[in-house]
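A short worksheet on the structure shown next.
In this note's numbering, the protein residues as written are 89 to 273.
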């Protein structure tokens with residue numbers, strides 16, 4: 089299994105690098121925009137059973153990504169939200185290299201098509217520096233999650249960090265990798 093290369097990584101290296109060089113007018117292979125990392129973040133907030141909700145969120149995020157999540161903590165106290173400084177409020181996972189390509193492949197091929205009434209993801213969610221962020225309303229769209237074991241709906245944010253210099257390069261990279269952008273938005 090040491091010689092296994094993810095399908096999406098192979099496609100990127102063999103097909104998309106030459107295609108991106110032509111479409112973007114690049115002369116050097118090192119100028120081609122690449123994926124750097126994918127960050128998946130979920131927050132349980134200030135629910136009544138924060139500890140149990142956090143443990144459930146960690147277990148589900150670990151199941152989805154194949155990596156142990158890191159706990160995120162509140163930076164400051166907010167009385168209206170019953171939030172204290174340094175209180176655990178969520179978890180996140182950063183995927184790089186082969187794990188990142190595997191997750192992106194599953195996201196595009198299996199997860200996004202499972203969203204009810206899905207018409208594509210927003211093409212406007214770029215940050216101006218070539219990174220793309222999207223939110224999912226609940227974790228049940230991932231095929232790894234068993235619906236019978238779900239205790240609460242838990243949304244998540246997915247950020248795809250690229251080496252693209254601008255949004256147009258990043259949009260072209262994501263489109264060629266099969267990301268289903270909505271038309272006309």
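Every residue gets a Cβ at the ideal spot worked out from N, C-alpha and C, and that includes glycine. Everything numeric in this text was worked out from a predicted model, so none of it was measured.
Worksheet item: Pick from 139, 148, 269 and 261: whose alpha carbon is nearest that of residue 100?
Response: 261
Practice prompt. Just mark residue 168 as buried or exposed, buried being the case when its beta carbon has 16 or more other beta carbons within 10 Å.
Written response: exposed
Item to complete: Determine the burial state of residue 129: buried for a count of at least 16 other Cβ atoms within 10 Å of its Cβ, exposed for fewer.
Response: buried
Practice prompt. Would you grab the beta carbon distance between residue 118 and residue 189 for me? Rounded to a whole angstrom, and I think it's under 8 Å.
Written response: So it is not a contact: roughly 19 Å between Cβ atoms.
Worksheet entry | Backbone CA spacing between residue 145 and residue 199 [nearest angstrom] | 18 Å
Worksheet entry | N- and C-terminal bounds of the beta strand (DSSP E) containing residue 244 | 244 to 250
Worksheet item: Is residue 246 buried or exposed, if buried means 16 or more other CB atoms sit within 10 Å of its CB?
Response: buried
Worksheet entry | N-terminal and C-terminal residue of the alpha helix (DSSP H) that residue 149 is part of | 138 to 153
Item to complete: Let me know the secondary structure DSSP gives residue 273 once reduced to three states.
Response: Per-residue confidence for residue 273 stands at a pLDDT of 49, beneath the threshold of 50, marking its modelled position as unreliable; the derived number appears in the next sentence. In the structure shown, residue 273 sits in coil (DSSP, three-state: anything other than H, G, I, E or B).
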